[in-house]
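Numbered per the working numbering, the sequence shown spans residues 7 to 231. Read the structure below first, then the notes.
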Amino acid sequence: MLLAALSRTAKGEGVTVSGRVSTYGSTNPPASVSAVVWLSPASSAALPLTPVHTTLRQKNKAFEPHLLAIPKGSTVDFPNLDPWFHNVFSLFNGKRFDLGLYEAGTSRTVHFDREGVSYIFCNIHPEMSAVVVVVASPYYAVANKAGDFSVAAVPPGRYTLHVWSENSLPETLAGLSREVEVSGTTLSLGTLRIRETESARAQHKNKYGQDYEPPSPSNPVYTQQ
Numbered sequence: 007m008l009l010a011a012l013s014r015t016a017k018g019e020g021v022t023v024s025g026r027v028s029t030y031g032s033t034n035p036p037a038s039v040s041a042v043v044w045l046s047p048a049s050s051a052a053l054p055l056t057p058v059h060t061t062l063r064q065k066n067k068a069f070e071p072h073l074l075a076i077p078k079g080s081t082v083d084f085p086n087l088d089p090w091f092h093n094v095f096s097l098f099n100g101k102r103f104d105l106g107l108y109e110a111g112t113s114r115t116v117h118f119d120r121e122g123v124s125y126i127f128c129n130i131h132p133e134m135s136a137v138v139v140v141v142a143s144p145y146y147a148v149a150n151k152a153g154d155f156s157v158a159a160v161p162p163g164r165y166t167l168h169v170w171s172e173n174s175l176p177e178t179l180a181g182l183s184r185e186v187e188v189s190g191t192t193l194s195l196g197t198l199r200i201r202e203t204e205s206a207r208a209q210h211k212n213k214y215g216q217d218y219e220p221p222s223p224s225n226p227v228y229t230q231q
């Protein structure tokens, strides 16, 4: 049944699943929502995935975009578009990697071959952060700044809804998972209210597990202009 539904979706049919993420509980809430929503089959059936090759830029001492969602098996380029060095790393859940020190105008590439959430930082600039959410489903969406999301061309059937929000604890997010029945031509999931926690935004360490050292103007690695 699922394979037949997938075949129909490949021909342009399917259900548009939409909704909104709304956060609460933070005394200092961020200016915009940072969340990913995806659907996986309620059965044990594996979905066929089409990996993508995309880019997460380093520019103006920031990652662009800050939040990226991709299917398992995808590849991400990390070009350095700043006039100084960067050292991109991730040592947390998801894909662990350390791209080392690389200069302006060069790039590194990471193959995200497992599900999970990779929190990404620069070992030189503590203000830089990004998140890559890797899912084992082709049916996912990144919410916009207002929290709205839309997943197109989902085959009818039963799915498990998953939600990830940057400033929420894992146990909070796990409690939001639930089964949904996808049918018709559109499905609204309504508003998904997610509690934020200040501790989820705790200041991170460098790749050695230590506090960041103040930048040295005489060191070309830290050159600002």
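In this text, a Cβ means the ideal position worked out from N, Cα and C, and glycines have one as well.
By the C-beta criterion, the segment 177 to 190 is judged not to be in contact with the segment 62 to 75, since fewer than 3 inter-stretch pairs fall below 8 Å.
Apart from sequence neighbours up to five positions away, the residues of its chain that approach residue 171 with a beta-carbon distance below 6 Å are 41 and 200, ordered along the chain. In terms of Cα proximity to residue 190, the closest of 196, 216 and 162 is 162. In the three-state reduction of the DSSP assignment, residue 178 falls in the helix class. Rounded to the nearest whole angstrom, the CA to CA distance from residue 34 to residue 123 is 23 Å. With distances taken between CA atoms, residue 169 lies nearest to 43 out of 47, 217, 31 and 43. For residue 126, the enclosing beta strand (DSSP E) begins and ends at 122 to 128. Distance from the CA atom of residue 98 to the CA atom of residue 69, rounded to whole angstroms, is 18 Å.
Ranked by Cα distance from residue 164, the options 129, 175 and 48 are led by 48. Positions of the beta strand (DSSP E) runs, each at least 3 residues long and wholly inside the segment 64 to 146, are given as 73 to 77, 80 to 85, 92 to 96, 103 to 108, 113 to 118, 122 to 128 and 135 to 141 in order along the chain.
With a cutoff of 8 Å on beta-carbon distance, residue 147 and residue 140 are scored as not near each other. Distance between residue 210 and residue 132, taken at the CA atoms: about 8 Å. Taking the Cβ atoms as the reference, residue 30 lies roughly 16 Å from residue 177, outside the contact range of under 8 Å. Within the same chain, 20, 21, 23, 45, 145 and 188 come within 7 Å of residue 160 by CB-CB distance, once the 5 residues on both sides are set aside. For residue 194, the enclosing beta strand (DSSP E) has its first and last residue at 192 to 201. C-alpha of residue 119 to C-alpha of residue 81: approximately 9 Å in a straight line. The Cβ atoms of residue 79 and residue 55 sit closer than 8 Å to each other. Taking residue 221 as reference, the option from 175, 91 and 155 with the minimal CA-CA separation is 91. The beta-carbon separation of residue 84 and residue 105, rounded to 6 Å, stays under the 8 Å limit for a contact. Less than 8 Å divides the Cβ of residue 112 from the Cβ of residue 86. Following the DSSP letters along the chain, one finds residue 29 inside the beta strand (DSSP E) bounded by residues 21 to 30. Assignment of residue 204 by DSSP, reduced to helix, strand and coil, places it in the helix class. Looking at 138, 73 and 143, the one whose alpha-carbon comes closest to that of residue 96 is 138. The C-alpha of residue 143 is placed about 25 Å away from the C-alpha of residue 135.
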